[in-house]
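These notes concern the structure reproduced below.
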Amino acid sequence: MSNADNRNSKGVETTGHVWDGDLQEYNNPPPMWWTWAFYGTIVFALIYWLLYPTWPIGKDFTKGMFNNITFVNDKGEEVTTHWNMRALFLKDQQTGEQAVKQREYLDKIAKSSYAEIMQDPDKMAFVNSMAKVLFADNCGPCHGRGADGVIGLYPNLRDDDWLWGGTIEDIEQTIRKGRNGYMPSFAGVFPKEKLEAVAAYVLSLSGIEGEDKAKIEEGKHIFQGEEGGCYYCHAKDAKGMKSQGSANLADKVWTIANVPAAATYEQKLAEVEKVIVNGVNREMPAWEGRLSDTQIRLLTVYVHQLGGGK
Amino acid sequence: MFKHETIETNSALLTVLALIAMGIGGLVEIVPLHYINDTIEKVDGVRPYTPLELRGRDIYQREGCFLCHSQMIRPFRDEALRYGHYSLAAESQYDHPFQWGSKRTGPDLARVGGKYSNEWHVQHLKAPRSVVPESIMPNYPWLLENDLQYLDIGDRMRALKKVGVPYSLTKEEYDANVEKFGEEVAKMLDINRAEENLLAEAQADNFDGNPNRLTEMDALVAYLQMLGTLVDFSKYDEGYFVEFR
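Chains as they are written, first to last, in our numbering: chain A, 701 to 1010; chain B, 4 to 248.
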């Protein structure tokens, strides 16, 4: 421990530590700007402690001064509290510039009838921008960002074909309460030929016919008769029933059976048979409670116009 | 005696003293939270995980889902719009370790419960891109293949009990839970019935879509479907939660 061996120091003090016999460290003072910045942080801390909640004291803590936040609670009373993120957030929701602008429109949407909304281009512009984001966050993961759906999993909402009805009221009900699309499995109910016959009939309703016309006729009997009982849910005309969410089988639009992707007639038959054998059970979640009433209204209008609603 | 040089040239001593210095910093920040009265909001509904959810949570951790997903909605307008009500401390009071996280490669999951159907979760975990084409989340196909190991569920609950989660072993503890959470929940928290409860829940809700098998998917989806669903926010004045800060 000596400063004696201080050959190259040109007069600068060393820290006084010596390693390996001769290794030393200069003790230069830090630059002025650094020193002042350091004092600055201390002053900053003192001011911060004064203004913001910081130090714990017993079961409580210092709340900060000159920095209160006033918001309005649900009862309409003004509440003033010490600075904290939750109060700040609430106040921003109530009086923040963006929030106020948005609420102006949200209030209009909440108070107008669907017809009024759809006739007003200004409101529709708001619906389109806001509902698009809501749709991407909440509905897109199932129905796809563009609402095209996935055959077999999630219905396409762009086509003008509705399982549960395409009126604005139907759509609101679907979003609010959710839906459960259910068709029982017919596994083991029909022997192979009859299964093929029903499938052939279902395909024929969309204008896809094979050679064997007798088979289609046989399928029709099964579909329309007690043996299949398909008409219970799909109706005699096979156009589906809104109360059941049963698909319209006579409109060339497919929601479960991936008929469009199948190349040959045999493959198309197999797709339809697969639905009959496996049945369908898929769920559209209910959004009431999760999304606000106004958000549901926005989405209802948005989805309605996507599908060229009824 | 403690000269600067003595400390700098003695690595063991340096380590110990550095730990003490950092320890003080940590304690000053953390300890007060345990005795300040309003750290944890007083709300109804929050309960410890059921045995099945607990196994799901373990799998969530094992698979490193937290590396891409946070479970902490902050009180900002954009987060409220996208994810819902900001997270409460009360909602993670039984989490050991908590899953708040700060890395959001994927969306926050604090309120994902009930947002999607079980089928969606199964499909999405098996092959995310089959439902969300632009997703970068990995496939987890083995969740459907692996049988759920649940014989150690009692031990897992006992371990959590040691750190303060009110799972019950004795009659008194059970009664205390009935008092606090109601009978239905208290039954679920009873370690003596853990296996039976786990099997019953998996059977009743059939999360993975296959009623004949109990897979890791059942547990994980059970866990995801309850996230953020315990507190009924419509029961509270928004100003109420501010009082706790």
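Ideal Cβ positions, reconstructed from N, Cα and C, are used throughout, including at glycine.
Since A/E918 and A/A897 are thought to touch, with beta carbons under 8 angstroms apart, how far apart are those beta carbons, to the nearest angstrom? 4 angstroms
Along the chain, where does the alpha helix (DSSP H) that runs through A/I817 open and close? 814 to 819
Give, in chain order, every residue of the segment 34 to 60 of chain B whose Cβ lies closer than 7 angstroms to some Cβ of chain A. P35, Y38, I39, N40
Would you mind sorting A/W755 into buried or exposed? The rule is 16 or more other CB atoms within 10 Å of its CB. exposed
Among B/E219, B/Q96, B/T173, nearest to B/L151 - alpha-carbon criterion: B/E219
Checking 7 angstroms against the spacing of the C-beta atoms, do A/G881 and A/V980 come in under that value? yes
Integer Cβ distance of A/Q944 from A/K936, believed to fall under 8 angstroms: That belief does not hold up - the Cβ atoms of A/Q944 and A/K936 are roughly 14 angstroms apart, past 8 angstroms.
Here's a check: name, in chain order, each residue in its chain whose Cβ is nearer than 6 angstroms to the Cβ of A/Y854, leaving out the five neighbours to either side. C842, H843
If you run the structure through DSSP and keep just helix, strand and coil, what is A/P756? strand
Sorted by chain position, which residues of the same chain lie with C-beta nearer than 7 angstroms to A/A704's C-beta, five sequence neighbours on each side aside? Reliability of the predicted coordinates at A/A704 is poor, the pLDDT of 48 falling under 50, and the value obtained from them is presented with this limitation in mind. Cβ neighbours of A/A704 beyond the five flanking positions: none.
If the criterion is Cβ atoms closer than 7 angstroms, does the pair B/L192 and B/N180 meet it? yes
Whether A/A957 touches A/K939 by CB criterion (7 angstroms): no
Going by DSSP, name the residue or residues bridged to A/W719. A/L723
Would you give the residue range spanned by the alpha helix (DSSP H) that A/N978 belongs to? 965 to 978
Residues in the segment 780 to 814 of chain A having any Cβ partner in chain B nearer than 8 angstroms: T781, N784, M785, R786, A787, L788, F789, L790, D792, Q793, G796, Q798, A799
Unbroken stretches of the beta strand (DSSP E), 3 residues or longer, contained in the segment 865 to 895 of chain A: 879 to 883
Test: A/C930 CB closer than 7 angstroms to a CB of chain B: no
Helix, strand or coil, according to DSSP, for A/D705 in the structure here? Annotation note: pLDDT 49 at A/D705 (below 50); position unreliable, no value reported.
Enumerate in chain order the residues of its own chain whose CB-to-CB distance from B/S133 is below 7 angstroms, with the five nearest sequence positions on each side excluded. Q126
Measuring CA to CA, which of B/K45, B/L84, B/G59, B/Q64 is closest to B/K183? B/K45
Could you check the C-alpha separation between B/Q228 and B/A113 for me, to the nearest Å? 10 angstroms
Note down the Cα distance separating A/Q802 from B/R248, rounded to an integer number of angstroms. 28 angstroms
Show which residues of chain A have a CB atom less than 9 angstroms away from the CB atom of B/V134. P841, C842, G844, V850, L853, Y854
Buried or exposed, going by whether 16 or more other CB atoms sit within 10 Å of the CB of A/A810? exposed
Are three or more beta carbon pairs between the segment 32 to 51 of chain B and the segment 234 to 244 of chain B nearer than 8 angstroms? yes
Return yes when the Cβ of A/G764 is within less than 7 angstroms of the Cβ of A/L751, no when it is not. yes
So what's B/S105 in DSSP terms, helix, strand or just coil? coil
Distance, Cα to Cα, B/Y119 vs A/N948? 26 angstroms
Among the residues of its own chain, which have a CB less than 8 angstroms from the CB of A/R879, if the five just before and after it don't count? L863, W864, G945, E983, M984
Neighbouring residues, chain D, relative to B/V125 (Cβ below 7 angstroms): Among the protein chains in the structure shown, which are A and B, there is no chain D.
Once DSSP output is grouped into helix, strand and coil, what is the label at B/D155? coil
May I have a chain-ordered list of the alpha helix (DSSP H) segments no shorter than 4 residues that lie completely inside the segment 58 to 90 of chain B? 80 to 86
Burial state of B/R50, where buried means 16 or more other Cβ atoms lie within 10 Å: buried
Taking 7 angstroms as the CB-CB cut-off, is B/D98 touching chain A? no
Taking CB distances under 7 angstroms as the criterion, tell me whether A/A704 reaches chain B. Its pLDDT being 48, under 50, A/A704 is placed unreliably by the model, and the measurement read from it follows with that caveat. Not an interface residue.
Taking Cβ positions only, does A/N773 come closer than 7 angstroms to chain B? yes
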